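Chemist: Residue numbers (the working numbering), protein chains in the order written: chain A, 3 to 67; chain B, 3 to 67; chain C, 3 to 67; chain D, 3 to 67; chain E, 3 to 67; chain F, 3 to 67. Take this structure first; my questions come after.
Laid out in structure tokens, this is it:
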């Protein structure tokens, strides 16, 4: 613990590496948590597996995501 | 909010599009929720990543799923 | 399968009953799924356990949720 | 999107407020994501609903959590 | 890793303790995983937060759950 | 119910088959649950979608996972 699960559009490894580092720092700063106790899972979905407003991501305009 | 995560066998985009539309309408009708507030995530698993009754989906007969 | 998990603000049992019924019908109509195969889980969070835009729900104005 | 779900031991609202703010900033910095697109859900469990190493949290010594 | 999340009806601590112990052993036997790497989370729902077949648990007969 | 979701590194079908069988037995023994009521979902992530201690799995040494 803590376990962080992120549902998001696909991102590059560089972006996920940066995000995981910053989120882990956030737990240290806000909770005083040890870095090794923090695990981050990325669950990526594309526009064919996500909908908002009843419209699939693949059918929405990019700016509306 | 609300966030809907669906664990299911793979379906076509057409089927998911139809389902996401209907689920979003259900939130409008039952809760009075604005469509744009509803997000639906599809998390698809095949028979090698799901078991029921202690038997993997890939080992079960189709009718028993 | 399918398993539906809904993250939402607390609602009355009447509202959840109505929503679960409609969502289950949506699976029957969009997928041809048998009603008994559909399970719906409600995971309710209050404003002290949810944030949007970096602001806790309990700190946001009601209209901004 | 993105949706962040955090499984953790109970924390004060002050700590969660601080964490949610920092995590949302992390998405802005690492992904260039708009703050309003980021939602954070806290799913808190106590020692009677979590186990590590096959031992319930309520049976572990505090330092071993 | 691995992280196990269990959605279930409420159970006693004794039952959850027994289950967590056995599940952790299962990972050791099937995967050769170290016990300390296995975390189990219990997410309990009552009949007002779960539906099957479009019917809330609190409306179903006990035998039909 | 119960629904078991496992976040893990990729494993062979043989290993998952063995684990699902043992976990289902664990529910029977600890809860007296009927096997057919137990569903197990495997959500596999590789080292590019998981971080511990702020370091991506693909950047960690194998022994540190």
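Heads up, the beta-carbon is just placed ideally off N, CA and C, and yes, glycines get one too. No experiment lies behind these values; they were computed from the predicted model shown.
If I measure Cβ to Cβ from residue 52 of chain B and keep anything under 6 Å in the same chain, skipping five residues before and after, which residues do I get?
Modeler: Walking along the second chain from the start, residue 52 of chain B turns up at place 50. Around residue 52 of chain B, the same chain offers 59 as residues with beta carbons nearer than 6 Å, after the five sequence neighbours per side are excluded.
Chemist: Could you give the first and the last residue of the continuous beta strand (DSSP E) run that contains residue 22 of chain B?
Modeler: Stepping through the second chain from its first residue, residue 22 of chain B is reached at position 20. Note, residue 22 of chain B: premise wrong, no beta strand (DSSP E); alpha helix (DSSP H) at 15-33.
Chemist: Can you tell me the Cα-Cα spacing of residue 20 of chain C and residue 32 of chain B, whole angstroms?
Modeler: Working through the third chain from its first residue, we reach residue 20 of chain C at position 18. Working through the second chain from its first residue, we reach residue 32 of chain B at position 30. C-alpha separation (whole angstroms): 6 Å.
Chemist: For residue 63 of chain A, would you say it is in contact with chain D, using Cβ-to-Cβ distances shorter than 8 Å as the test?
Modeler: In the first chain, residue 63 of chain A corresponds to position 61, counting from 1. False, the Cβ-Cβ gap to chain D never drops below 8 Å.
Chemist: Is it buried or exposed for residue 12 of chain E, if we count other Cβ within 10 angstroms and need 16 for buried?
Modeler: Here the question's residue 12 of chain E lines up with position 10 in the fifth chain. Counting Cβ neighbours within 10 Å, residue 12 of chain E comes out exposed, since fewer than 16 surround it.
Chemist: Rounded to the nearest angstrom, how far is the Cβ of residue 8 of chain D from that of residue 45 of chain D, given a contact under 8 Å?
Modeler: For this step, residue 8 of chain D is matched to residue 6 along the fourth chain. For this step, residue 45 of chain D is matched to residue 43 along the fourth chain. The distance from the Cβ of residue 8 of chain D to that of residue 45 of chain D is about 7 Å, consistent with a contact at the 8 Å cut-off.
Chemist: Can you give me the start and stop residues for the beta strand (DSSP E) that residue 43 of chain F sits inside?
Modeler: Taking the first residue of the sixth chain as 1, we reach residue 43 of chain F at position 41. Counting along the chain, the beta strand (DSSP E) containing residue 43 of chain F begins and ends at 41-46.
Chemist: In this structure, what does DSSP give as the bridge partners for residue 53 of chain C?
Modeler: The residue you call residue 53 of chain C lines up with position 51 of the third chain. Its beta-bridge partners are C:58 and D:42.
Chemist: Buried or exposed: residue 36 of chain E, going by 16 or more other Cβ atoms within 10 Å of its Cβ?
Modeler: For the purposes of this step, residue 36 of chain E is taken as the residue at position 34 of the fifth chain. Flag for residue 36 of chain E reads exposed.
Chemist: So is residue 34 of chain A buried or exposed if we call it buried at 16+ other beta carbons inside 10 Å?
Modeler: In the first chain, residue 34 of chain A corresponds to position 32, counting from 1. Label assigned to residue 34 of chain A: exposed.
Chemist: For residue 37 of chain D, which residues in chain A fall below 9 Å Cβ to Cβ?
Modeler: Here residue 37 of chain D corresponds to residue number 35 of the fourth chain, with the count starting at 1. Against residue 37 of chain D, chain A offers no close residue; the least beta-carbon distance is about 14 Å (beta-carbon pairs closer than 9 Å).
Chemist: In chain order, what residues of the same chain have a beta carbon less than 6 Å from the beta carbon of residue 73 of chain E, not counting five sequence neighbours either side?
Modeler: With chain E covering only 3 through 67, there is no way to say anything about residue 73 of chain E.
Chemist: Taking the CB atoms as reference points, tell me whether residue 25 of chain C and residue 47 of chain C lie closer together than 8 Å.
Modeler: Translated into positions along the third chain, residue 25 of chain C becomes position 23. Translated into positions along the third chain, residue 47 of chain C becomes position 45. No.
Chemist: Nearest chain D C-beta to residue 3 of chain A closer than 8 Å, yes or no?
Modeler: Residue mapping note: residue 3 of chain A aligns to position 1 of the first chain, counting from 1. Taking Cβ atoms only, chain D reaches closer than 8 Å to residue 3 of chain A, which makes this a yes.
Chemist: What's the C-alpha gap between residue 55 of chain C and residue 16 of chain B?
Modeler: For this step, residue 55 of chain C is matched to residue 53 along the third chain. For this step, residue 16 of chain B is matched to residue 14 along the second chain. When rounded, the distance between both Cα atoms is 32 Å.
Chemist: Take residue 3 of chain A and list the residues in its own chain whose beta-carbon comes closer than 7 Å to its own, dropping the five residues that flank it on each side.
Modeler: On the first chain, residue 3 of chain A is found 1 positions in, with the first residue counted as 1. Around residue 3 of chain A: 39.
Chemist: Of all Cβ atoms in chain A, is any one closer than 8 Å to the Cβ of residue 15 of chain D?
Modeler: Within the fourth chain, numbered from 1, the residue matching residue 15 of chain D stands at position 13. It does not; no Cβ of chain A falls within 8 Å.
Chemist: Could you check how far apart the C-beta atoms of residue 28 of chain E and residue 28 of chain F are, in whole angstroms? I think they sit under 8 Å.
Modeler: Looking up residue 28 of chain E in the fifth chain gives position 26. Looking up residue 28 of chain F in the sixth chain gives position 26. Sure, about 6 Å apart at Cβ, within 8 Å.
Chemist: Ignore the nearest five residues each way along the sequence and tell me which others in residue 50 of chain D's own chain have a CB closer than 8 Å to its CB.
Modeler: Taking the first residue of the fourth chain as 1, we reach residue 50 of chain D at position 48. Counting only Cβ-Cβ distances below 8 Å, and skipping sequence neighbours, we find 58, 59 and 60.
Chemist: Could you name the residues of the same chain whose beta carbon sits closer than 8 Å to that of residue 18 of chain B, not counting the 5 residues immediately before and after it, in chain order?
Modeler: Sequence index remark: in the second chain, residue 18 of chain B carries index 16 (1-based). Taken in chain order, the residues that qualify are 44.
Chemist: From residue 62 of chain E to residue 10 of chain E, what does the alpha carbon distance come to, in whole angstroms?
Modeler: Position 60 of the fifth chain holds residue 62 of chain E. Position 8 of the fifth chain holds residue 10 of chain E. Going by the C-alpha atoms only, they are around 16 Å apart.
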